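Chemist: Okay, here's the structure, questions in a sec.
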Amino acid sequence: MTHFNIEEIKETIATCELSFRQGRDLLIDPQGIDSLRARAADSGDMLPDLKQQCQALLEKSPEAVSTFESCGESLEAERMAAAYLFFEDTAYSEWAKKRITALIELDTWLYPVHASHIQHTDHTMTNTGSYIARAHSLLADVYSEDENKTLAEGLRKNLFQPYLESTRERLEWWTKEQHESNWKIMCHGETGLMICEFAEYWSESREALGLAVEGVIEIFDMVPPEGDWPEGVCYWLATVNMGLRLAEALKRLTNGAVDLFEHPALKVTGDFVMMLATSAGRVFNVNDNHDYFMNMHSEGIATLASGMEREDWMYIARLFPTDTYLYLAAVNPEQTDKIPERTTALFPYSGMATMRSGWNKTDTFIGVKCSASDVPHSHLDAGTFCIESGGQWLVRDEGYWPYAHAIGFFDNEDLRWNWDGLISVGHSTLLFDGQGQTWGKDYPGHIESLTSGDGWDMIITEATKTYPGLITKFIRTFLFVHPGTIIIRDVVQCEGERHAEWLLHYAGEIRSEGLVSVIENNGASMTIVPFLPDRENGWRCNDVLSTSTYMEEISQMDKSPTIRYRGFSPFRKADSFEFLFGLQIDGKTDGSEFDFETEGDSWVLKLNDQSVIRPDGDSLKMD
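Residue numbers for the sequence shown follow the numbering used here, beginning at 57 and rising by one.
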């Protein structure tokens, strides 16, 4: 979605008047620094925590840097620069300057594990350059002109020149026009921000800014009308924030001649963040995503909310506060917020949908994913779901697992699918003969529909192609009867007879009360009642805890993540299955909220509120 003409924007950048840096104006308004300091002083533990962190950094040598750690080491320089902004203590500024000098004296910032598939520029180089630019802006009053020139020369060597070599002819894989991943907006956005800080020192700055803006716009143009992104909220919000920072800095640099905030994608993408956020302050964390926000995520939604003047997005920004100067700068204290009105959302492009009973902290949230797998950071999880209620996860996603490039974590063609947390056994979906889903463009799932009625919402997913050679049909329906009843029905046809297992990745603890399973987590609870298949020929309830151990690349230490689930399965193989489960928030342990009866070849499920649920083809309907 776009109304931007990239060539016109590049021409504007090439010819417009540029207002080079004037103090600390890269991402904050210098006129508002006193206000920012006052707000920081009123922000509880923000300044004491920052001082404690920086006092600890003063005990470290600023010259002790390495290519392997350059990104984190440049972040420490920015943190010290922020401390100088707030405390005006030259011990912090001197340490930050020494750290920056040590970094630009490194031969390269290219992350070693990326070297095999990168020619000139990887994202850690661009992240490092961006942190240095932000730190330099905060340290503007302690850098001499000669020091600025020396720093610019080092940045040319370590990032500016490699970036030009990568982007002029689109040499790197992430520079391709149709490439869709967080790397693209990250590399272009971060480098563009650095160029905005040092534009006066490089004769090719206008050209490089044009290339950076082009890459960012190409990603914005890929955002669908609903505003979503298939890598998931945390990957998207972190890296779209890098595009937003370039947009802010470029608007100042060009005196408003180039305003990327006018791109239509930015007017809708906050909805994706809002609707995948839970009311208790978590995130529906599919793929390689955490279920919480880090600083960059909170800064991103705050910048979107402020820039678009969306009160409901600002509500989300304040639901995920963080103690950084950029978050404080983005959250205008005069901007009001309001509780979002929407309670359901469907994002067809990324294959995600959500339903909720409301926006109170204890309300029920249901997130569903059924999508293509051939996107960056994907998992084999079509049909999976998460449930939060009472302020706690009850059904969870395993989410982020520590990365390990060296042993194949990102080898989508093969080795990636040895990690439990990334494959179907790590998600609340189905296994057939112990096998899960297959990765690739030919094996997508999708969400067929999200519909709502009086007191209910329903999501229907279709995941047939995700199990090639195993099944010929897999339709899963989620019927949410407000405020706390969830009915899940699966209709499956197999290629030949198969054994089928229904997986539930629970949070907290689980126990059995007869056939009823009870999940309890910090005061929140949910019962799970199985209705189909019938149990006359045998029924298995299987509790699994699986621990994996391998070396995580950044810390170079062994990590041991786990998956934990309860599996439900009939004894016998069959060529078709119908699974039907009733899930009840704060349910009775005898399952008496449900009355299940067979009617010939069909069935009826009655709820305590007199609702009647029946099969409707492969899905469900309420009488």
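Where is the CB? At the ideal position from N, CA and C, for every residue including glycine. As the structure is a prediction and not an experimental result, all values here were calculated from the model.
May I ask which residues mark the beginning and end of the beta strand (DSSP E) holding His502?
Modeler: If you look at His502, you'll find it in the beta strand (DSSP E) that goes 502-509.
Chemist: What residues in its chain sit with their C-beta under 7 Å from that of Ser508, if we drop five residues either side in the sequence?
Modeler: Here the set comprises Thr400.
Chemist: In angstroms with no decimal places, state the Cα-to-Cα distance between Met102 and Ala96.
Modeler: 7 Å
Chemist: Give me the Cα-Cα distance between Gln727 and Gln109, rounded to the nearest whole angstrom.
Modeler: Given a span of 57 to 679 for the chain in the structure shown, any question on residue 727 remains unanswerable.
Chemist: List the whole-angstrom C-beta distance separating Leu478 from Leu450, where the pair is believed to meet the contact cut-off of C-beta under 8 Å.
Modeler: Between Leu450 and Leu478 the Cβ distance is about 22 Å, and since that is not below 8 Å, they are no contact.
Chemist: Please give me, in chain order, every unbroken run of the alpha helix (DSSP H) with length at least 4 that falls completely inside the stretch 368-426.
Modeler: DSSP runs (the alpha helix (DSSP H)) wholly in the stretch 368-426: 381-386.
Chemist: When DSSP labels each residue in this structure, what does Gly681 get in the three-state scheme?
Modeler: The requested residue 681 is not part of the displayed model; the chain covers only 57 to 679.
Chemist: Which runs of the alpha helix (DSSP H) spanning at least 4 residues fall entirely within the stretch 251-323, listed in chain order?
Modeler: 261-278, 289-309
Chemist: Distance check for Glu553 and Ala171, CA to CA, integer angstroms please.
Modeler: 47 Å
Chemist: Relative to the alpha-carbon of Asp368, which residue among Gly638, His173, Pro589, Val387 has its alpha-carbon at the smallest distance?
Modeler: Val387
Chemist: If you follow the beta strand (DSSP E) that Glu576 is in, where does it begin and where does it stop?
Modeler: 572-577
Chemist: By how many angstroms is the C-alpha of Phe635 removed from the C-alpha of Ile516?
Modeler: 14 Å
Chemist: Considering only the alpha carbon of each residue, which of Ser568, Ser122, Asp546 lies closest to Leu676?
Modeler: Asp546
Chemist: Secondary structure at Trp495, three-state DSSP: helix, strand or coil?
Modeler: coil
Chemist: Looking at the secondary structure, which residues open and close the beta strand (DSSP E) in which Asp672 lies?
Modeler: 668-672
Chemist: Using beta-carbon positions only, say whether Ile641 and Gly570 come within less than 7 Å of one another.
Modeler: no
Chemist: Which residue wins for smallest C-alpha separation from Ser200, given the options Lys107, His483, Glu150, Gly455?
Modeler: Glu150
Chemist: What residue does the beta strand (DSSP E) around Ser611 start on, and which one ends it?
Modeler: Per DSSP, Ser611 belongs to no beta strand (DSSP E) and is neither H nor E.
Chemist: Let me know if Val329 comes out buried or exposed under the rule of 16 or more other beta-carbons within 10 Å of its beta-carbon.
Modeler: buried
Chemist: Cβ atoms of Ile84 and Val314: under 7 Å apart, would you say?
Modeler: no
Chemist: Nearest to Tyr562 by CA position, among Glu576, Tyr405, Arg398, is which residue?
Modeler: Nearest C-alpha to Tyr562 among Glu576, Tyr405, Arg398: Glu576.
Chemist: Touch check for the stretch 265-284 and the stretch 335-351: three-plus C-beta pairs under 8 Å?
Modeler: no
Chemist: Assign Gln234 to buried or exposed, taking buried as 16 or more other Cβ atoms, counted over all protein chains shown, within 10 Å of its Cβ.
Modeler: exposed
Chemist: Please list the terminal residues of the continuous alpha helix (DSSP H) segment that includes Pro104.
Modeler: 102-114
Chemist: If I measure Cβ to Cβ from Ile174 and keep anything under 8 Å in the same chain, skipping five residues before and after, which residues do I get?
Modeler: Leu166, Glu228
Chemist: Should the stretch 520-538 be regarded as contacting the stretch 471-491, the criterion being three or more beta carbon pairs within less than 8 Å?
Modeler: Verdict: yes, contact present.
Chemist: Secondary structure at Met330, three-state DSSP: helix, strand or coil?
Modeler: The DSSP-derived three-state label of Met330 is helix.
Chemist: Tell me which residue opens and which closes the beta strand (DSSP E) that Ala580 is part of.
Modeler: 580-588
Chemist: Got a sec, what are the start and stop residues for the alpha helix (DSSP H) Pro218 sits in?
Modeler: Its alpha helix (DSSP H) spans residues 217-223.
Chemist: Is the Cβ-Cβ distance between Gly501 and Cys426 less than 7 Å?
Modeler: yes
Chemist: Beta-carbon within less than 6 Å of Thr378's beta-carbon, same chain only, minus the 5 sequence neighbours each way: which residues are those?
Modeler: Asn351, Ser354
Chemist: Kindly confirm or deny that the stretch 254-264 and the stretch 289-297 touch, where touching means at least three C-beta pairs closer than 8 Å.
Modeler: no
Chemist: Among the candidates Thr231, Asn183, Glu236, Val198, whose CA atom is the shortest distance from the CA of Leu211?
Modeler: The option with the nearest alpha carbon to Leu211 is Asn183.
Chemist: Only counting the same chain, and skipping five residues up and downstream in sequence, which positions put a Cβ closer than 8 Å to that of Phe142?
Modeler: Arg93, Ala96, Leu103, Leu106, Tyr381
Chemist: Which of the three DSSP states, helix, strand or coil, is assigned to Ser335?
Modeler: coil
Chemist: Rounded to whole angstroms, how far is the Cβ of Val272 from the Cβ of Gly312, which I believe are closer than 8 Å?
Modeler: No, Val272 and Gly312 are not in contact; Cβ-Cβ is about 17 Å, not under 8 Å.
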